[in-house]
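In mature numbering (1 follows the signal peptide of the UniProt record, and there is no 0), the protein residues as written are -29 to -1, 1 to 286.
(1) Rounded to a whole number of angstroms, what is the C-alpha to C-alpha distance between residue 86 and residue 39?
(2) Give me the Cα-Cα distance between residue 146 and residue 132, rounded to the nearest whole angstrom.
(3) When you compare the CB positions of residue 232 and residue 160, do they come within less than 7 Å of one another, or not?
(4) Check this for me: beta carbons of residue 156 and residue 189, under 7 Å apart or not?
(5) Report the CB separation of residue 162 from residue 199 in whole angstroms; it is logged as a contact under 8 Å.
(6) Just to confirm before moving on: does the CB-CB distance between residue 126 and residue 28 stay below 7 Å?
(7) Comparing C-alpha positions only, which one of 104, 228, 176, 213 sits nearest to residue 23?
(8) Can you look up residue 110 in the DSSP assignment and give me helix, strand or coil?
(9) Rounding to the nearest angstrom, what Cα-Cα distance links residue 93 and residue 234 in this structure?
(10) So is residue 165 buried or exposed if we call it buried at 16+ other beta carbons inside 10 Å?
(11) Would you kindly check if the distance between the Cβ of residue 107 and the Cβ of residue 51 is under 7 Å?
(12) Determine, for residue 32, whether the minimum Cβ-Cβ distance to residues of chain B falls below 7 Å.
(13) Only counting the same chain, and skipping five residues up and downstream in sequence, which positions put a Cβ closer than 8 Å to that of residue 187?
(14) For the beta strand (DSSP E) containing residue 229, list its first residue and its last residue.
(15) Check whether the Cβ atoms of residue 244 and residue 7 lie closer than 7 Å to each other.
(16) Have a look at residue 75 and residue 68 and give me their C-alpha separation to the nearest angstrom.
(17) Please return the same chain residues whose Cβ sits closer than 8 Å to the Cβ of residue 226, not counting the five positions on each side in sequence.
(18) Count the other C-beta atoms from every protein chain shown that fall within 10 angstroms of the C-beta of residue 53, then say buried if there are 16 or more, exposed otherwise.
(19) With 16 other CB atoms within 10 Å as the buried threshold, where does residue -5 fall?
(20) Go ahead and label residue 230 buried or exposed: buried means 16 or more other beta carbons lie within 10 angstroms of its beta carbon, across all protein chains shown.
(21) Have a look at residue 47 and residue 31 and give me their C-alpha separation to the nearest angstrom.
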(Lines of atoms letter the chains of each structure in order from A and count residues from 1; the text may use other names and numbers.)
(Lines give C-alpha, C1' and ligand atoms only; values in the text may rest on other atoms or scores of the structure.)
Protein backbone atom coordinates (compact mmCIF):
# COMPACT_ATOMS: atom_id res chain seq x y z
CA UNK A 1 0.00 0.00 0.00
CA UNK A 2 1.22 3.49 -0.81
CA UNK A 3 0.89 5.96 2.06
CA UNK A 4 -1.01 9.20 1.58
CA UNK A 5 2.20 11.17 2.00
CA UNK A 6 4.00 8.96 -0.49
CA UNK A 7 1.13 9.22 -2.96
CA UNK A 8 1.14 12.99 -2.61
CA UNK A 9 4.89 13.14 -3.29
CA UNK A 10 4.54 10.93 -6.36
CA UNK A 11 1.66 13.03 -7.63
CA UNK A 12 3.67 16.20 -7.15
CA UNK A 13 6.62 14.68 -8.99
CA UNK A 14 4.37 13.67 -11.87
CA UNK A 15 2.94 17.19 -12.12
CA UNK A 16 6.45 18.68 -12.19
CA UNK A 17 7.56 16.12 -14.77
CA UNK A 18 4.55 16.91 -16.94
CA UNK A 19 5.32 20.61 -16.66
CA UNK A 20 8.91 20.03 -17.70
CA UNK A 21 7.98 17.85 -20.66
CA UNK A 22 5.39 20.43 -21.69
CA UNK A 23 7.97 23.21 -21.67
CA UNK A 24 10.55 21.09 -23.47
CA UNK A 25 8.12 20.10 -26.22
CA UNK A 26 6.37 23.45 -26.67
CA UNK A 27 9.09 25.99 -25.90
CA UNK A 28 10.17 28.16 -28.82
CA UNK A 29 13.95 28.16 -28.60
CA UNK A 30 16.09 30.11 -31.05
CA UNK A 31 15.91 28.47 -34.50
CA UNK A 32 19.47 27.14 -34.61
CA UNK A 33 20.82 24.63 -32.14
CA UNK A 34 24.32 26.11 -31.79
CA UNK A 35 25.14 28.31 -28.78
CA UNK A 36 24.05 31.92 -29.21
CA UNK A 37 26.55 34.60 -28.20
CA UNK A 38 24.94 37.67 -29.80
CA UNK A 39 25.55 39.36 -33.15
CA UNK A 40 28.75 38.12 -34.75
CA UNK A 41 31.33 40.86 -35.28
CA UNK A 42 34.13 38.75 -36.77
CA UNK A 43 37.43 37.06 -35.93
CA UNK A 44 40.61 38.76 -34.77
CA UNK A 45 43.13 39.40 -37.53
CA UNK A 46 46.42 38.44 -35.86
CA UNK A 47 49.70 40.31 -36.38
CA UNK A 48 51.78 39.33 -33.36
CA UNK A 49 51.71 37.38 -30.09
CA UNK A 50 49.31 34.68 -31.37
CA UNK A 51 46.17 36.78 -30.91
CA UNK A 52 42.98 35.06 -32.02
CA UNK A 53 39.32 34.71 -31.09
CA UNK A 54 35.79 35.23 -32.40
CA UNK A 55 34.04 38.43 -31.33
CA UNK A 56 30.31 38.99 -30.74
CA UNK A 57 28.22 41.98 -29.70
CA UNK A 58 26.17 40.78 -26.74
CA UNK A 59 24.29 44.04 -26.27
CA UNK A 60 24.83 47.76 -26.82
CA UNK A 61 27.65 47.96 -24.28
CA UNK A 62 29.08 44.43 -24.09
CA UNK A 63 31.39 42.38 -26.31
CA UNK A 64 32.10 38.66 -26.00
CA UNK A 65 35.23 36.92 -27.26
CA UNK A 66 34.92 33.19 -27.84
CA UNK A 67 38.19 31.28 -27.66
CA UNK A 68 40.46 34.26 -26.99
CA UNK A 69 44.16 33.45 -27.22
CA UNK A 70 47.16 35.73 -26.54
CA UNK A 71 50.65 34.73 -25.39
CA UNK A 72 50.80 37.38 -22.64
CA UNK A 73 54.43 38.37 -23.20
CA UNK A 74 54.02 42.04 -24.23
CA UNK A 75 54.89 44.63 -21.56
CA UNK A 76 51.89 46.97 -21.82
CA UNK A 77 49.03 45.28 -23.69
CA UNK A 78 45.32 45.92 -23.20
CA UNK A 79 42.02 45.42 -24.91
CA UNK A 80 41.72 48.69 -26.83
CA UNK A 81 38.84 50.29 -28.76
CA UNK A 82 38.38 53.48 -30.75
CA UNK A 83 36.57 55.20 -33.59
CA UNK A 84 39.47 55.97 -35.92
CA UNK A 85 39.70 54.11 -39.22
CA UNK A 86 42.30 51.70 -37.83
CA UNK A 87 43.77 51.02 -34.36
CA UNK A 88 45.84 53.95 -33.13
CA UNK A 89 46.94 55.63 -29.90
CA UNK A 90 43.65 57.57 -30.08
CA UNK A 91 41.76 54.82 -28.32
CA UNK A 92 40.93 53.75 -24.80
CA UNK A 93 41.29 50.71 -22.59
CA UNK A 94 38.52 48.19 -22.04
CA UNK A 95 39.44 46.77 -18.61
CA UNK A 96 39.50 43.04 -18.04
CA UNK A 97 38.57 41.97 -15.51
CA UNK A 98 36.12 44.83 -14.97
CA UNK A 99 36.62 46.41 -11.58
CA UNK A 100 36.67 49.87 -10.02
CA UNK A 101 40.33 50.83 -10.36
CA UNK A 102 39.82 54.30 -8.81
CA UNK A 103 41.72 56.09 -11.56
CA UNK A 104 44.51 53.51 -11.72
CA UNK A 105 45.32 51.62 -14.90
CA UNK A 106 43.86 48.11 -14.97
CA UNK A 107 46.33 45.21 -15.08
CA UNK A 108 48.02 44.48 -18.39
CA UNK A 109 46.77 41.43 -20.23
CA UNK A 110 48.23 38.11 -19.18
CA UNK A 111 48.29 34.85 -21.07
CA UNK A 112 44.98 33.55 -22.45
CA UNK A 113 44.39 30.23 -24.17
CA UNK A 114 40.98 29.60 -25.76
CA UNK A 115 39.31 31.68 -23.03
CA UNK A 116 35.78 33.05 -23.13
CA UNK A 117 35.93 36.74 -22.23
CA UNK A 118 33.18 39.28 -21.58
CA UNK A 119 34.13 42.93 -22.08
CA UNK A 120 32.04 45.85 -20.85
CA UNK A 121 32.75 49.08 -22.70
CA UNK A 122 33.69 52.06 -20.51
CA UNK A 123 30.79 54.08 -19.14
CA UNK A 124 28.95 56.04 -21.79
CA UNK A 125 30.41 54.08 -24.72
CA UNK A 126 28.36 51.84 -27.00
CA UNK A 127 29.23 49.36 -29.71
CA UNK A 128 27.97 51.81 -32.31
CA UNK A 129 30.52 54.38 -31.06
CA UNK A 130 33.57 52.26 -31.94
CA UNK A 131 35.05 50.98 -35.19
CA UNK A 132 37.40 48.29 -33.90
CA UNK A 133 38.57 46.18 -31.00
CA UNK A 134 42.30 45.48 -30.74
CA UNK A 135 44.95 43.99 -28.50
CA UNK A 136 47.23 47.01 -28.27
CA UNK A 137 50.60 47.77 -26.67
CA UNK A 138 50.55 51.34 -25.37
CA UNK A 139 54.27 51.57 -24.67
CA UNK A 140 55.33 50.74 -28.23
CA UNK A 141 52.04 51.73 -29.98
CA UNK A 142 51.81 48.33 -31.65
CA UNK A 143 48.66 46.55 -32.77
CA UNK A 144 48.91 42.81 -32.04
CA UNK A 145 45.54 41.95 -33.56
CA UNK A 146 42.19 43.57 -34.29
CA UNK A 147 38.66 43.04 -35.50
CA UNK A 148 36.59 45.67 -37.32
CA UNK A 149 33.07 46.43 -36.07
CA UNK A 150 30.71 46.27 -39.09
CA UNK A 151 28.74 49.48 -39.67
CA UNK A 152 25.04 49.26 -38.80
CA UNK A 153 25.57 46.06 -36.82
CA UNK A 154 22.22 44.83 -35.50
CA UNK A 155 22.93 44.39 -31.80
CA UNK A 156 20.59 42.48 -29.44
CA UNK A 157 18.92 44.67 -26.84
CA UNK A 158 16.64 44.44 -23.85
CA UNK A 159 12.91 44.37 -24.63
CA UNK A 160 10.09 46.04 -22.73
CA UNK A 161 6.89 44.09 -22.06
CA UNK A 162 3.60 45.30 -20.57
CA UNK A 163 3.02 45.32 -16.82
CA UNK A 164 1.55 42.38 -14.89
CA UNK A 165 -2.19 41.96 -15.39
CA UNK A 166 -3.96 42.98 -12.18
CA UNK A 167 -6.08 39.98 -11.19
CA UNK A 168 -5.70 39.37 -7.44
CA UNK A 169 -3.93 40.29 -4.19
CA UNK A 170 -3.04 43.80 -5.29
CA UNK A 171 -0.52 42.58 -7.85
CA UNK A 172 0.73 45.33 -10.14
CA UNK A 173 4.00 46.58 -11.59
CA UNK A 174 5.55 48.88 -14.12
CA UNK A 175 6.41 47.66 -17.60
CA UNK A 176 8.56 44.53 -17.28
CA UNK A 177 11.88 44.35 -19.17
CA UNK A 178 13.64 41.26 -20.51
CA UNK A 179 17.28 42.18 -19.90
CA UNK A 180 18.71 39.02 -21.44
CA UNK A 181 17.58 35.49 -22.27
CA UNK A 182 17.24 34.60 -18.58
CA UNK A 183 16.67 37.85 -16.68
CA UNK A 184 13.52 39.87 -16.01
CA UNK A 185 13.52 43.37 -14.50
CA UNK A 186 10.25 44.09 -12.68
CA UNK A 187 9.91 47.73 -11.57
CA UNK A 188 7.49 49.11 -8.98
CA UNK A 189 6.27 45.66 -7.93
CA UNK A 190 3.28 45.58 -5.59
CA UNK A 191 1.83 42.41 -4.06
CA UNK A 192 0.09 42.06 -0.69
CA UNK A 193 1.89 38.82 0.23
CA UNK A 194 -1.33 37.17 1.39
CA UNK A 195 -1.27 34.23 -1.01
CA UNK A 196 -0.43 31.08 0.97
CA UNK A 197 1.66 29.37 -1.72
CA UNK A 198 2.52 32.00 -4.34
CA UNK A 199 5.59 32.05 -6.57
CA UNK A 200 6.94 33.59 -9.73
CA UNK A 201 5.83 31.00 -12.29
CA UNK A 202 6.54 30.37 -15.98
CA UNK A 203 5.19 27.98 -18.58
CA UNK A 204 3.60 27.44 -21.97
CA UNK A 205 0.16 28.10 -23.38
CA UNK A 206 -2.09 31.10 -23.77
CA UNK A 207 -2.43 31.68 -20.02
CA UNK A 208 -0.94 30.40 -16.74
CA UNK A 209 -1.79 26.86 -15.63
CA UNK A 210 -0.60 24.28 -13.08
CA UNK A 211 1.83 23.03 -15.74
CA UNK A 212 4.46 25.60 -14.85
CA UNK A 213 7.83 25.97 -13.16
CA UNK A 214 8.79 28.02 -10.11
CA UNK A 215 11.23 30.88 -10.65
CA UNK A 216 13.44 31.95 -7.72
CA UNK A 217 12.78 35.39 -6.29
CA UNK A 218 15.25 38.29 -6.36
CA UNK A 219 17.50 36.67 -3.73
CA UNK A 220 17.44 33.24 -5.37
CA UNK A 221 14.94 31.71 -2.94
CA UNK A 222 12.04 29.38 -3.76
CA UNK A 223 10.16 30.26 -0.57
CA UNK A 224 6.58 31.52 -1.05
CA UNK A 225 6.60 35.17 -2.08
CA UNK A 226 6.54 37.88 0.55
CA UNK A 227 4.75 41.19 0.06
CA UNK A 228 6.23 43.90 -2.15
CA UNK A 229 5.56 47.61 -1.83
CA UNK A 230 6.78 49.34 -4.96
CA UNK A 231 10.14 47.58 -5.19
CA UNK A 232 12.30 47.18 -8.30
CA UNK A 233 13.64 43.64 -8.60
CA UNK A 234 15.36 41.30 -11.05
CA UNK A 235 14.70 37.57 -11.29
CA UNK A 236 16.45 34.90 -13.36
CA UNK A 237 15.04 31.75 -14.91
CA UNK A 238 16.32 28.50 -13.36
CA UNK A 239 18.75 26.04 -14.91
CA UNK A 240 19.12 26.34 -18.68
CA UNK A 241 15.60 27.67 -19.18
CA UNK A 242 15.40 30.83 -21.33
CA UNK A 243 12.69 33.25 -22.40
CA UNK A 244 12.56 31.43 -25.74
CA UNK A 245 11.15 28.36 -23.93
CA UNK A 246 8.19 30.06 -22.21
CA UNK A 247 4.98 31.91 -23.10
CA UNK A 248 4.26 33.80 -19.87
CA UNK A 249 5.55 34.94 -16.49
CA UNK A 250 3.04 34.95 -13.64
CA UNK A 251 2.55 35.22 -9.91
CA UNK A 252 0.75 31.94 -9.21
CA UNK A 253 -0.62 30.19 -6.13
CA UNK A 254 0.28 26.52 -6.39
CA UNK A 255 -2.01 25.36 -3.58
CA UNK A 256 -5.16 26.95 -5.01
CA UNK A 257 -4.13 26.99 -8.68
CA UNK A 258 -4.87 30.69 -8.83
CA UNK A 259 -3.33 33.23 -11.19
CA UNK A 260 -2.76 36.56 -9.43
CA UNK A 261 -1.53 38.19 -12.65
CA UNK A 262 0.78 37.54 -15.58
CA UNK A 263 2.49 38.98 -18.64
CA UNK A 264 2.79 37.21 -21.98
CA UNK A 265 6.18 36.65 -23.63
CA UNK A 266 6.20 37.33 -27.40
CA UNK A 267 7.97 34.91 -29.71
CA UNK A 268 9.90 37.49 -31.73
CA UNK A 269 12.27 38.56 -28.96
CA UNK A 270 15.88 39.17 -29.93
CA UNK A 271 17.35 39.84 -26.51
CA UNK A 272 20.99 39.53 -25.46
CA UNK A 273 22.20 36.02 -24.64
CA UNK A 274 22.68 35.22 -20.96
CA UNK A 275 26.46 34.89 -20.73
CA UNK A 276 26.87 36.19 -17.21
CA UNK A 277 26.96 39.89 -18.07
CA UNK A 278 23.76 40.59 -16.11
CA UNK A 279 24.02 40.13 -12.35
CA UNK A 280 21.02 40.44 -10.09
CA UNK A 281 21.67 42.27 -6.85
CA UNK A 282 21.15 40.59 -3.49
CA UNK A 283 18.75 43.14 -2.04
CA UNK A 284 15.61 44.59 -3.58
CA UNK A 285 15.74 48.25 -2.65
CA UNK A 286 13.16 50.54 -4.21
CA UNK A 287 14.25 52.22 -7.44
CA UNK A 288 17.16 49.81 -7.84
CA UNK A 289 18.67 49.69 -11.31
CA UNK A 290 19.75 46.54 -13.17
CA UNK A 291 23.36 45.74 -12.37
CA UNK A 292 25.65 44.51 -15.12
CA UNK A 293 29.16 43.23 -14.71
CA UNK A 294 31.70 41.43 -16.84
CA UNK A 295 33.81 38.37 -16.30
CA UNK A 296 35.29 35.38 -18.03
CA UNK A 297 32.63 32.77 -18.58
CA UNK A 298 32.11 29.32 -19.99
CA UNK A 299 28.99 28.74 -22.06
CA UNK A 300 27.27 25.58 -23.18
CA UNK A 301 24.54 24.70 -25.60
CA UNK A 302 21.20 25.37 -23.85
CA UNK A 303 19.31 22.24 -22.79
CA UNK A 304 16.15 23.64 -21.15
CA UNK A 305 15.23 22.06 -17.82
CA UNK A 306 17.15 18.81 -18.33
CA UNK A 307 19.58 19.40 -15.48
CA UNK A 308 16.78 20.90 -13.41
CA UNK A 309 14.64 17.76 -13.58
CA UNK A 310 17.60 15.42 -13.14
CA UNK A 311 18.29 17.21 -9.88
CA UNK A 312 14.60 17.13 -8.91
CA UNK A 313 14.18 13.38 -9.38
CA UNK A 314 17.52 12.65 -7.72
CA UNK A 315 16.39 14.38 -4.53
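All C-beta atoms in this analysis are idealised placements derived from N, C-alpha and C, irrespective of residue type, glycine included.
With the structure as the only source:
(1) Just so you know, the alpha carbons of residue 86 and residue 39 end up roughly 5 Å apart.
(2) If I take the Cα positions, the gap works out to 6 Å.
(3) Going by C-beta atoms, residue 232 is not nearer than 7 Å to residue 160.
(4) Contact: no.
(5) Contact flag correct, Cβ pair sits at about 5 Å.
(6) Closer than 7 Å, so yes.
(7) Closest in alpha carbon position to residue 23, among 104, 228, 176, 213, is 104.
(8) Here residue 110 sits in coil by DSSP.
(9) Between residue 93 and residue 234, the C-alpha separation is close to 34 Å.
(10) Label assigned to residue 165: exposed.
(11) Using a Cβ distance threshold of 7 Å, residue 51 and residue 107 count as a contacting pair.
(12) Of the protein chains in this structure there is only one, and it is not chain B.
(13) Same-chain partners within the cutoff: 171, 193, 206, 207, 209.
(14) 229 to 235 is the extent of the beta strand (DSSP E) around residue 229.
(15) Yes, the pair counts as a contact, with Cβ atoms nearer than the cut-off.
(16) Note on geometry: alpha-carbon atoms of residue 75 and residue 68 lie some 14 Å from one another.
(17) Cβ within range, chain order: 167, 168.
(18) Answer is buried; the Cβ neighbour count reaches 16.
(19) Because the pLDDT at residue -5 is just 45, under 50, the model does not fix this residue reliably, and the point stays unresolved.
(20) The residue in question, residue 230, is buried, as its Cβ has 16 or more Cβ neighbours within 10 Å.
(21) Answer to the nearest angstrom: the Cα atoms are 28 Å apart.
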